[in-house]
Amino acid sequence: LHKTSATRNIMEGHTKKKLCIEDLTDDEKQEMAKAEETYPYYRSLCPKEKEEKLLKYIAGLREEKQRQNAIKSYHEAMKKFKPKDLELYDLKKWKFDDKFLSLLEFMKKDELKGEFPEPLEEVLDGVFRFPMVEEKFASRLLDEVAYFQDWCKKTGQSIVRPNSMNNYGAILDHFGFKTTLSDLVSSVIQPLAAKLYRPEFANKYGLDSHHGFLVEYETGKDTNLNFHRDDSEITLNLCLGKEFRGGELYFGGVRCPNCNQVPPYTYESKYVEHKVGYGVLHLGAHRHAATSIKNGIRKNLIVWCRSDGFRKNEQAKKDCPEWCGAYCG
Numbered sequence: 001l002h003k004t005s006a007t008r009n010i011m012e013g014h015t016k017k018k019l020c021i022e023d024l025t026d027d028e029k030q031e032m033a034k035a036e037e038t039y040p041y042y043r044s045l046c047p048k049e050k051e052e053k054l055l056k057y058i059a060g061l062r063e064e065k066q067r068q069n070a071i072k073s074y075h076e077a078m079k080k081f082k083p084k085d086l087e088l089y090d091l092k093k094w095k096f097d098d099k100f101l102s103l104l105e106f107m108k109k110d111e112l113k114g115e116f117p118e119p120l121e122e123v124l125d126g127v128f129r130f131p132m133v134e135e136k137f138a139s140r141l142l143d144e145v146a147y148f149q150d151w152c153k154k155t156g157q158s159i160v161r162p163n164s165m166n167n168y169g170a171i172l173d174h175f176g177f178k179t180t181l182s183d184l185v186s187s188v189i190q191p192l193a194a195k196l197y198r199p200e201f202a203n204k205y206g207l208d209s210h211h212g213f214l215v216e217y218e219t220g221k222d223t224n225l226n227f228h229r230d231d232s233e234i235t236l237n238l239c240l241g242k243e244f245r246g247g248e249l250y251f252g253g254v255r256c257p258n259c260n261q262v263p264p265y266t267y268e269s270k271y272v273e274h275k276v277g278y279g280v281l282h283l284g285a286h287r288h289a290a291t292s293i294k295n296g297i298r299k300n301l302i303v304w305c306r307s308d309g310f311r312k313n314e315q316a317k318k319d320c321p322e323w324c325g326a327y328c329g
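Anchor point for the sequence shown: position 57 equals 57 in the working numbering, and the numbering is continuous, going up by one each time.
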C-alpha cells in the first residue's frame, strides 16, 4: 500500500495531536534520547527548539507505526472475504473474445510486418484498442466487485481506493485477484507489449509487478480524470460497462518525467471512445485524461504493469530519452 493516497481512508481513525514529553512511552523516551545522542544536529539547537524537533521526530515514528498496524489489520480483514464467483479468480476461465484469442496467438508466434493484424486497432501512435472479453463476463466481474463492496459495508471494513485521483472503486489485488492479474500480465499483456512497443518498455527487462484496480465514473461521484501520467510502464484499460455517454479518453503525448510539462503537439492529441468489453493498451508515460461522463455509469479495470529493470535504467539517465515525444536529439 502506498503511504499517501491508498492508505488515507484506513487511517481516518487515527487523529493527530501535538505531542509533549508527558505523552511519551518509556520506549519513545529512549528513542528520543538515542536520536539526540546519534545526530549532532539536535545537540546544536537551543533546549526549546531541540525538544520541539525531537518530539516531531517521535510523532513521525508513532504515525508510521500506526500506519503499519492499520495496513496489517486491513490485510488480515481481507483474508476473511469469501469470493462469490470463484471462476473469475482463475485466468484460464476468463471468457476472452475469440478474435482476441486469435490475435494473442498470432502475437506470441509471429513477427509484425506491415499493418497490424485484426482486430488490433492503432487509434493513435502507440495506443491500441481491441475486443478483449465477452460482455457477459464483464458483467460478472462487475458483480463480483459489487459483492466485495457490499461485504465491506456490512462488516464495517474501509475500502482502500485505487489511487490519489479516484475516490471510488477498489483494488482487486487486495481481495483475491493478485495471482489472476499477475497471470494476465505475464501471459497476455507482456506478449502484446513486447511486439507493440520499444524493447526497453516490456521485452528487455520484463514486466515484473502490477497494480490492478477498478475505477468508477458516474454523475454525482467521480465524473472525470485530470491529465496525468500513470505510475506504470504499460497500462491496460479494460472497459467493463455499464451504459454511459461521454467519458472518452484523451491522449496528449508521451513524455519522460523531465518533459512532463511540455504541452501536447497537435498531432499528439486524440480522443478515444470506450467500448464495453474492449481493452486499450498504452504506455504509462503516454499522458491522458478522462473527459466528463454525461450520463450513465462507466467502470473500467485498470492494470498498471511495471518493470523494475526499466525504472532503474531510466533513473540512471539524466538526458531526455529517445522515446519521449519532446525529444530533440
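Note that the Cβ used here is the ideal one computed from N, Cα and C, for glycine as well.
inquiry  = Give the list of continuous beta strand (DSSP E) stretches no shorter than 3 residues that lie fully inside the stretch 149–205.
reply    = Segments of the beta strand (DSSP E) lying fully in the stretch 149–205: 169–171.
message = Quick check: what's the CA-CA separation for aspartate 183 versus glutamate 31?
response = So the alpha carbons of these two residues sit roughly 44 Å apart.
query = Going by DSSP, what residues sit across from tryptophan 304 in a beta bridge?
reply = Residue pairing from DSSP places tryptophan 304 in a beta bridge opposite His211 and Thr235.
query = So asparagine 166 and aspartate 222 are in contact, right, with Cβ under 8 Å, and what is the actual spacing, rounded?
reply = The beta carbons of asparagine 166 and aspartate 222 sit about 6 Å from each other, so the pair counts as a contact at 8 Å.
query = So phenylalanine 137 and leucine 172 are in contact, right, with Cβ under 8 Å, and what is the actual spacing, rounded?
reply = The beta-carbon separation of phenylalanine 137 and leucine 172, rounded to 15 Å, does not stay under the 8 Å limit for a contact.
request  = Consult DSSP for proline 263 and reduce its assignment to one of helix, strand or coil.
outcome  = The three-state secondary structure of proline 263, taken from DSSP, is coil.
ask   = CB leucine 86 to CB threonine 180, shorter than 7 Å?
value = Against a cut-off of 7 Å, the Cβ pair of threonine 180 and leucine 86 comes out as no contact.
ask   = Are glutamate 122 and phenylalanine 128 closer than 7 Å when you measure CB to CB?
value = Taking 7 Å as the Cβ cut-off, glutamate 122 and phenylalanine 128 qualify as a contacting pair.
C-alpha gap between isoleucine 302 and leucine 19, whole angstroms = Rounded to whole angstroms, the separation of the alpha carbons of leucine 19 and isoleucine 302 is 41 Å.
query = Measuring CB to CB, does alanine 290 end up less than 7 Å from asparagine 237?
reply = Not closer than 7 Å, so no.
ask   = If you draw a straight line from the C-alpha of histidine 2 to the C-alpha of glycine 114, how long is it?
value = Any reading at histidine 2 is ruled out, since the residue's pLDDT is 47, under 50, leaving its predicted position unreliable.
key: Ordered list of beta strand (DSSP E) runs contained in the stretch 93–152, each at least 3 residues   = The qualifying runs are 121–124 and 127–131.
inquiry  = Only counting the same chain, and skipping five residues up and downstream in sequence, which positions put a Cβ closer than 8 Å to that of cysteine 320?
reply    = If we look at cysteine 320 and ignore the five residues flanking it on each side, its Cβ neighbours are Cys256, Asn258, Cys259, Ala326, Tyr327 and Cys328.
request  = Count the C-beta pairs between the stretch 291–300 and the stretch 246–255 that are closer than 8 Å, then say yes if the count reaches three, no if not.
outcome  = At 8 Å Cβ cutoff, the stretches touch.
message = I need the straight-line Cα distance from aspartate 125 to phenylalanine 251, nearest angstrom please.
response = Using only the alpha carbons, I get a separation of about 10 Å.
task = Measuring only between beta-carbons, confirm whether cysteine 20 sits less than 7 Å from chain D.
result = Included in the structure is just one protein chain, with no chain D present.
task = Indicate whether histidine 210 and cysteine 324 have their beta-carbon atoms separated by less than 7 Å.
result = Cβ atoms of histidine 210 and cysteine 324: not closer than 7 Å.
task = Select from Glu216, Tyr205, Asn203 and Val262 the residue whose C-alpha is nearest the C-alpha of phenylalanine 227.
result = For phenylalanine 227, the nearest C-alpha among the options comes from Val262.
query = Under the rule that 16 or more other beta-carbon atoms within 10 Å means buried, what is alanine 268, buried or exposed?
reply = The question names alanine, yet the displayed sequence has glutamate at residue 268. Result: buried.
message = For tyrosine 41, report the span of its alpha helix (DSSP H) as first-last.
response = Taken as a continuous stretch (DSSP letters only), the alpha helix (DSSP H) holding tyrosine 41 covers 40–43.
request  = Tell me whether leucine 91 sits in a helix, a strand or coil according to DSSP, three-state version.
outcome  = In the structure shown, leucine 91 sits in a helix (DSSP, three-state: H, G or I).
ask   = Just the Cα atoms here: how many angstroms apart are phenylalanine 96 and glutamate 105?
value = Going by the C-alpha atoms only, they are around 13 Å apart.
ask   = So is proline 47 buried or exposed if we call it buried at 16+ other beta carbons inside 10 Å?
value = Classified as exposed, proline 47 has fewer than 16 neighbouring CB atoms from the shown chains inside 10 Å of its CB.
request  = Counting only the same chain and skipping the five closest in sequence on each side, list residues whose C-beta sits under 6 Å from that of alanine 194.
outcome  = Non-local beta-carbon contacts of alanine 194 in its own chain, meaning distances under 6 Å to residues more than five positions away in sequence, involve Ala202 and Asn203 in chain order.
request  = Per DSSP, which residues does leucine 289 bridge with? Please list them.
outcome  = Reading the sequence as shown, one finds alanine at residue 289 and not leucine. Bridge partners of alanine 289 according to DSSP: Tyr250.
ask   = With 16 as the cutoff for other CB atoms within 10 Å, does leucine 112 come out buried or exposed?
value = Exposed, by the Cβ-count rule.
query = CB leucine 141 to CB leucine 61, shorter than 7 Å?
reply = Going by C-beta atoms, leucine 141 is not nearer than 7 Å to leucine 61.
inquiry  = What does DSSP give as the partner residue(s) for valine 276 in the beta ladder?
reply    = According to DSSP, residue pairing for valine 276 in a beta bridge does not occur.
ask   = Could you check where the beta strand (DSSP E) with asparagine 226 kicks off and where it finishes?
value = Per DSSP, the unbroken beta strand (DSSP E) holding asparagine 226 starts and ends at 225–228.
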